[in-house]
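Structure record follows, encoded as structure tokens.
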Amino acid sequence: MMKSDKALLLAGGMLMSLTLAPLRAAAQTIDCNLPLVFGTLLSCPGAGSVTVTPSNGRSTTGCVTAIPGAFSRGVCLVQSVSSSATGADMVQISAPASVVLNGPGGATMVIDQFNVGTDAGGVQYTVTAGGAATAPIGARLNIQSGQAAGSYSGSYTINANYQ
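Under mature numbering (1 follows the signal peptide of the UniProt record, and there is no 0), residues -27 to -1, 1 to 136 are what the sequence shown spells out, in order.
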């Protein structure tokens, strides 16, 4: 029997919760129904990372190999359900600085470098009265040296502040 120094990791399936902070009486909604999923990864004894971009690309660094298969950016839909005085609403969408994923036997991984809207970082969205805007979400998953094999999951909060 051959001994392998590789670990099979599955990271993602993250539940996105949300917070709305309306600054005026017009009603808006945000629905984050597509989770950020990093997919199945193969790690060796060294550290590395995998990044999923808002444009739905995936890349790895260090001692990590992405196994072909399902991965996805997260997606939130921001909608203005009533008209405002100007006919448009400015919306600032933000994600946390970092999030911890929990895995087998108390093992953890950290997600950071969230990007909302573009691969280069977050943006403000203009949502026309009665209209909608899609906010794609990407981030980087950090894999430690000797990361335990198994499934990892967690949740994070997306904030939408109407300007």
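We put the beta carbon where it would ideally sit given N, CA and C, even for glycine.
Gly127 sits in coil when the DSSP states are folded into three classes, being neither helix nor strand. The segment 75 to 86 makes no contact with the segment 41 to 53: fewer than 3 CB pairs, one atom from each, lie closer than 8 Å. Residues Pro27 of the same chain have their beta carbon placed closer than 7 Å to that of Thr91, with the five preceding and five following residues left out of the count. By the criterion of at least three beta-carbon pairs nearer than 8 Å, the segment 121 to 129 is not in contact with the segment 27 to 44.
For Val37, the closest alpha carbon among the candidates Phe44, Arg31 and Ser22 is that of Ser22. Cβ-Cβ distances below 6 Å link Tyr125 to Ala(-17), Leu74, Gly76 and Met82 in the same chain, with the five nearest sequence neighbours on each side left out; the list follows chain order. Secondary structure note for Asn75: its beta strand (DSSP E) is the uninterrupted segment Ser71 to Asn75. Taking C-alpha positions only, Ala133 is separated from Pro8 by approximately 17 Å. Residue burial is scored here from C-beta neighbours: Gly119 has fewer than 16 other C-beta atoms within 10 angstroms and is therefore classed as exposed.
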